[in-house]
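Asks: In our numbering, the protein residues as written are 18 to 295. Beta carbons: idealized from backbone N, C-alpha and C, even for Gly. These numbers come from a predicted model, not from an experiment. Before I ask anything, let me first share the structure, which is written out below as structure tokens.
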């Protein structure tokens, strides 16, 4: 019978060979991508400033939420985030007859904002100066520093626009906003075009590092820097158009001609994490 012949027939070698499993499809494999590296602190600062100061208009004051964004990054910033430490040569005492030399590290600048770092040896001074039309964030990263700042006093006029209180000699009345010593780590200082201490002076009590964000940055001649002498209010109280008694919370500021001789700044290369502008 046909059925019997099929049952008694010996299978061929081809029929006895085990089935070969096909290799898994490449399409079925999942590729495990490496996680993207977290942006550095200075990169996050750059990205936030680029968004906040996109218009780059003098006199622009960022909304409170944007101010908080920049401040929160700076408040948590450490010296190592920008590649600085007390061991850098910028803080060594140099025996000479001139003023202590301040080193400026240029991090980034564009027409809308700038980021820079000042390294001050002990006793170095950044003289009293203004920031016309700017919002400025200053973060003390290292050391102890005395900061004194002022805003102009504006006097209301019945028949005209408010004006500054000034003497015939050109000295203008200013109100003291800050007059204290700060020690790192501390909160970020913020000044605005017309408030918060737009004119300030830094004096290093120890070796100091301060990072500044300026929006927009200085620009000659549109937003050039002016320096000032300050005098106690009482010295010219009898000539004051505003009667403030003997109040120590005010001073007279007189603009200086040219850059102060005691202010010596040299540039150095920024060695911290790079900023990606893409």
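Is the region 206-214 touching the region 235-243 in the sense that three or more CB pairs, one from each, lie closer than 8 Å?
Replies: no
Asks: Quick one: give me the first and last residue of the beta strand (DSSP E) that residue 273 is part of.
Replies: Indexing the chain shown from 1 puts residue 273 at position 256. Careful: residue 273 lies outside any beta strand (DSSP E) and carries neither H nor E.
Asks: Taking the Cβ atom as the reference point for each residue, do residue 203 and residue 137 lie within a distance shorter than 7 Å?
Replies: The residue given as residue 203 occupies position 186 in the chain shown. The residue given as residue 137 occupies position 120 in the chain shown. No, the Cβ-Cβ distance between residue 203 and residue 137 is not below 7 Å.
Asks: Would DSSP call residue 218 helix, strand or coil?
Replies: Residue mapping note: residue 218 aligns to position 201 of the chain shown, counting from 1. Residue state, collapsed to three classes: strand.
Asks: So does the region 111-131 actually touch the region 273-287, counting three or more Cβ pairs closer than 8 Å?
Replies: yes
Asks: Determine whether the beta carbon atoms of residue 194 and residue 271 lie at a separation below 7 Å.
Replies: Here residue 194 refers to the residue found at position 177 when the chain shown is read from its first residue. Here residue 271 refers to the residue found at position 254 when the chain shown is read from its first residue. No. Outside cutoff.
Asks: Kindly confirm or deny that the region 131-146 and the region 260-269 touch, where touching means at least three C-beta pairs closer than 8 Å.
Replies: no
Asks: Can you give me the C-alpha to C-alpha distance between residue 198 and residue 77, rounded to a whole angstrom?
Replies: As a first step, residue 198 must be located in the chain shown, where it is residue number 181. As a first step, residue 77 must be located in the chain shown, where it is residue number 60. When rounded, the distance between both Cα atoms is 29 Å.
Asks: Leaving out five residues on either side along the sequence, give the residues of the same chain with a beta carbon under 7 Å from the beta carbon of residue 167.
Replies: One-based indexing of the chain shown puts residue 167 at position 150. Answer for residue 167: 191, 192, 193, 194, 214, 216, 268 and 270, listed in chain order.
Asks: Out of curiosity, what's the CA-to-CA distance linking residue 282 and residue 108?
Replies: As a first step, residue 282 is located in the chain shown; it is residue number 265 there, counting from the start. As a first step, residue 108 is located in the chain shown; it is residue number 91 there, counting from the start. About 13 Å.
Asks: Rounded to whole angstroms, how far is the Cβ of residue 148 from the Cβ of residue 208, which I believe are closer than 8 Å?
Replies: Stepping through the chain shown from its first residue, residue 148 is reached at position 131. Stepping through the chain shown from its first residue, residue 208 is reached at position 191. 7 Å between Cβ atoms; contact.
Asks: Taking all protein chains shown into account, do 16 or more other C-beta atoms lie within 10 angstroms of the C-beta of residue 55, making it buried, or fewer, making it exposed?
Replies: Along the chain shown, one-based indexing puts residue 55 at 38. With fewer than 16 Cβ atoms within 10 Å of its Cβ, residue 55 is classed as exposed.
Asks: Does DSSP put residue 144 in a helix, a strand or coil?
Replies: Numbered from 1 along the chain shown, position 127 holds the residue referred to as residue 144. It is a strand residue.
Asks: So, using beta-carbon positions, are residue 229 and residue 155 closer together than 7 Å?
Replies: Against the chain shown, residue 229 aligns to sequence position 212. Against the chain shown, residue 155 aligns to sequence position 138. A contact, by the Cβ cut-off of 7 Å.
Asks: Consult DSSP for residue 200 and reduce its assignment to one of helix, strand or coil.
Replies: In the chain shown, residue 200 corresponds to position 183, counting from 1. It is a strand residue.
Asks: Would you tell me roughly how many angstroms separate the C-alpha atoms of residue 87 and residue 255, rounded to the nearest one?
Replies: Residue 87 sits at position 70 when you count from the first residue of the chain shown. Residue 255 sits at position 238 when you count from the first residue of the chain shown. Their Cα atoms are separated by approximately 44 Å.
Asks: Measuring alpha carbon to alpha carbon, tell me which of 233, 163, 241 and 232 ends up nearest residue 223.
Replies: To locate residue 223, count along the chain shown from 1; it is residue 206. Closest option to residue 223, Cα to Cα, is 163.
Asks: Rounded to a whole number of angstroms, what is the C-alpha to C-alpha distance between residue 97 and residue 248?
Replies: Taking the first residue of the chain shown as 1, we reach residue 97 at position 80. Taking the first residue of the chain shown as 1, we reach residue 248 at position 231. Looking at the two C-alpha atoms, the distance is approximately 39 Å.
Asks: Short check: CB of residue 101 to CB of residue 59, under 7 Å?
Replies: Numbered from 1 along the chain shown, position 84 holds the residue referred to as residue 101. Numbered from 1 along the chain shown, position 42 holds the residue referred to as residue 59. Not a contact, by the Cβ cut-off of 7 Å.
Asks: Kindly list the residues whose CB is nearer than 8 Å to the CB of residue 64, restricted to its own chain and excluding five residues on each side of it in sequence; keep chain order.
Replies: Taking the first residue of the chain shown as position 1, residue 64 is located at position 47. Cβ neighbours of residue 64 beyond the five flanking positions: 56.
Asks: Between the Cα of residue 290 and the Cα atoms of 150, 165, 124 and 181, which residue gives the shortest distance?
Replies: Along the chain shown, read from residue 1 onward, the residue named residue 290 stands at position 273. Among 150, 165, 124 and 181, the Cα nearest to that of residue 290 belongs to 124.
Asks: Expressed to the nearest angstrom, what Euclidean distance is found between the alpha-carbon atoms of residue 182 and residue 90?
Replies: As a working note, residue 182 is residue 165 in the chain shown. As a working note, residue 90 is residue 73 in the chain shown. If you take the alpha carbons of residue 182 and residue 90, they lie about 38 Å apart.
Asks: Is the shortest distance between the beta-carbon of residue 152 and the beta-carbons of chain D less than 7 Å?
Replies: Although the question refers to chain D, the structure presented lacks it and comprises just one protein chain.
Asks: Under a three-way DSSP split, which group does residue 23 fall into?
Replies: Mapped onto the chain shown, residue 23 falls at position 6. Because residue 23 carries a pLDDT of 39, less than 50, the predicted location of this residue cannot be relied on, and the following value inherits that uncertainty. Three-state result, residue 23: helix.
Asks: Taking the alpha-carbon positions, what's the residue 106 to residue 120 distance?
Replies: The residue given as residue 106 occupies position 89 in the chain shown. The residue given as residue 120 occupies position 103 in the chain shown. Residue 106 and residue 120: Cα-Cα distance of roughly 10 Å.
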